[in-house]
Each structure stands twice: as structure tokens, then as C-alpha cells.
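Residue numbers (this note's numbering): 4 to 285. Just so it is clear, CB atoms sit at the ideal spot from N, CA and C, and this is done for glycine as well.
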Ligand code: HXC
Ligand code: NAP
């Protein structure tokens, strides 16, 4: 769907880019000409992914380990990226931590762990790069991966839900404040896209997956390429007037869960005949 040079020579940092959706988005953006920097905690995983992507696309991928909870490590990623490629043009906040649990079972440390990765990690990276761009009078694009329960909240993933809602609000707030510097910020709210990282922690039993898919109007999970194409578009200048928004990509899942009468999907055609007759009589 895109010109091959859509992201030609754009330098993009992708947090959590060694695995799952981060890896898929890194691969697609590299295919479209970007120079990619992937960053997360595990250097061996990053190295393997970087080599795989370069092999596939022919474009450079730099792997620099960092924990997004550590501001000095983030500054190091930015410095090393600039040293290698001359500048940074885009940031994809994708790293996350999450697991299902009744909230009352969480220790305060467990709660902190998820909030620190998802919310603090995102604002640390955005702040560090934003300061750099503003100081150097350089334009930049920030794209953050949230999820649909950033809109609705969700039971059993409360630390993640409040953090993703915070990231969505950060996106809107900074869009209003930093637009004048040429810094454009948006978010994507995906529904379920199978990855080992998410599935192991959120759907540990196969029956949970079946239940999840049944609730989606399109009756399937998302495909990585569908998300990667949306991310590439939002990172590119072709989306230059989209600013401060969150784009949902979930096969209609969250709306299906929200609409007052959506549950009537369970009514069979013959039951509708009876219901119609009853309503007419009334
Ligand atoms: C209760 C738990 C727990 C669990 C960890 N803890 N797992 N508590 N239930 N399943 C507690 C620990 O006991 C400890 O608290 C605290 O959390 C920190 O745990 P550590 O293992 O030391 O943390 P750390 O090594 O930093 O690992 C972070 C992590 C881990 C979040 C716990 O799962 C991780 O590395 N995740 C990264 C990848 C990931 O989560 N990907 C999925 C994203 S999916 P105490 O008090 O005992 O010290 C996603 C999808 C959203 O976001 C939408 C889907 C539709
Ligand atoms: P994933 O493969 O587990 O990705 C999470 C990544 O974050 C990993 O690469 C991990 O790498 C990195 N990470 C975790 N803690 C970190 C830290 N402290 N510092 C730096 N990096 C850290 O899961 P995924 O499904 O692809 O998730 C990617 C993004 O999509 C997340 O933001 C998630 O919330 C979002 N999302 C996913 C789904 C879905 O259905 N899969 C749906 C909605 C939203 P290391 O372990 O090497 O640090």
C-alpha cells in the first residue's frame, strides 16, 4: 500500500523493538527505508532481531539495550543513535509490562513495576527526546502504543490500564504544548494481536483466547502487518496533520463490548419473529 521510500532515511527509535509487535513494526519501517534503533533490556534478543531485519531489508538496525525506567540509560540510547545516524526523527513508545491479576493480590511493588515501565518509561523517553529536539530546533514524531482499555479502563489489568490512559493523555497534552516546535504526537490503540509476550501473560489458558476472539465483531485477532502499516503511516509525513489523536485498530472489539444492545447478537432469527410480534401487539 505504500511507496517503497515512504520512510527513506528517517531515523526511528523503537522501544521493545526486539520482540512481538515492536519487532514487526521495526521490520516494516525498515522495509520502507527507515534507519531503526531498537531498544529494550535484553541485548542478545535485540542483536538477533537487528541482524534478522537487516538481512531481510538491507537497511541498518542498531541494537542498544536500556531499561526504560532508567533515565540515564535512555539518554545513552539517544546519544548513541545520534552518534551512529546523525539525528533522530521519530520515537515509537512500544515497550510494556503487563499481566492479569486481581488487583488486591498485587503488592505495591508489582503495581509500581508495570506503571514504571508503561507510563514512566514512555514519559521518560518522550521527555528526553523532546528536550533534544526543542534545543536543536528539530522536528520530530512520537507514536505510542496504548490499548483500547485506555478509553474504558479494564478489570484485572489495572496498573496497565491506568498507565495506558496516562500515555494517551500525555499524547493529547503534549500535542497541544509541543506542536509549535514541530513535534507531532499520536497513539495507536490495538485490540488483540497475538504475540508470545502478551499471550503468555494475559491468556495463559487456550480457552481464554477462544472467548476473546468470539467477542470481536470481525471474529479474528489482528495481523501484525495491519498494525505495522498503520504505524508506518502515522510515523510518516503523509499523516502530517494528524496530531494528538489515538487511532483504534481492534476489529470493533471495544465498541462491541460497550453498545447497550450489542448483546442482542445472541437472538436467533425465529426469536426475532416472536419479539417483533410481541412488540407490535404492545
Ligand atoms: C502478581 C507479579 C506477577 C504476577 C510479577 N509480579 N509477575 N505479581 N502476578 N503474574 C510481581 C513480582 O512478585 C514483584 O513484586 C514485582 O511484580 C516485580 O516483578 P519482577 O519479576 O521482579 O519484575 P521485572 O523483572 O521487572 O519484570 C516485569 C514484568 C514481566 C512486567 C513482571 O512480566 C516483564 O518483564 N514483562 C515484559 C513483557 C510484557 O509484559 N509483555 C506483555 C505486554 S502485553 P514483589 O512485591 O514480589 O517484589 C500488553 C497488552 C495489552 O500490554 C492489551 C492486550 C489486549
Ligand atoms: P512483548 O513482545 O512482550 O513486548 C514488550 C517489549 O517491551 C519487549 O520487547 C520487552 O523487551 C520490552 N520491555 C519490557 N520491559 C522493559 C523495560 N523495563 N525497558 C525496556 N524495554 C522493556 O509484547 P507485545 O504484545 O509485542 O506488546 C507490544 C506493545 O503493544 C505493548 O505496548 C503492549 O501494551 C501493546 N499492545 C499489545 C497488544 C497485543 O495484543 N499483543 C494489544 C494492545 C496493546 P525486554 O524484555 O528485552 O526488555
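- The alpha carbon of residue 136 has as its nearest neighbour, out of 158, 101, 91 and 222, the alpha carbon of 91.
- As computed with DSSP, residue 96 is found in a beta bridge with 147.
- Residues 242 of the same chain have their beta carbon placed closer than 7 Å to that of residue 236, with the five preceding and five following residues left out of the count.
- Residue 77 places its beta carbon 9 Å or farther from that of residue 64.
- With the rule of 3 Cβ pairs closer than 8 Å, the stretch 248-263 counts as touching the stretch 211-220.
- By the 16-neighbour rule on beta-carbons within 10 angstroms, residue 264 is exposed.
- Counting of Cβ neighbours within 10 angstroms places residue 108 among the exposed residues, the total staying below 16.
- DSSP places residue 167 in the helix class (H, G or I) of the three-state scheme.
- When the five nearest sequence neighbours on each side are left out, the beta carbons in the same chain lying within less than 8 Å of the beta carbon of residue 151 are those of 192, 193, 194, 251, 253, 256 and 257, in order along the chain.
- Placement of the Cβ of residue 219 at a distance of 8 Å or more from every heavy atom of the ligand HXC is found.
- The beta carbon of residue 131 lies closer than 8 Å to those of 74, 77, 78 and 81 in the same chain, with the five residues before and after it left out.
- Closest option to residue 43, judged by alpha-carbon separation, among 26, 36 and 31: 26.
- Residue 198 places its beta carbon 9 Å or farther from that of residue 60.
- With contact defined as three or more Cβ pairs closer than 8 Å, the stretch 198-207 and the stretch 167-179 are not in contact.
- By the Cβ-count criterion, residue 159 is exposed, with fewer than 16 other Cβ atoms from all chains shown falling within 10 Å of its own Cβ.
- When only Cα atoms are considered, residue 48 and residue 97 end up about 16 Å apart.
- Distance from the CA of residue 225 to the CA of residue 213, rounded to the nearest whole angstrom, comes to 14 Å.
- Looking at 6, 19 and 24, the one whose alpha-carbon comes closest to that of residue 196 is 24.
- For a cut-off of 8 Å, the C-beta gap from residue 118 to residue 170 is around 11 Å, too long to register as a contact.
- Residue side-chain check: residue 120 places its Cβ nearer than 8 Å to a non-hydrogen atom of the ligand NAP.
- Between the ligand NAP and the CB of residue 71, the shortest heavy atom gap is smaller than 8 Å.
- Under DSSP, residue 161 takes part in no beta bridge, so it has no partner.
- Beta-carbon to beta-carbon, residue 174 and residue 89 are separated by about 27 Å, too far to satisfy the 8 Å threshold.
- For residue 66, the Cβ stays outside the 8 Å cut-off from all heavy atoms of the ligand NAP.
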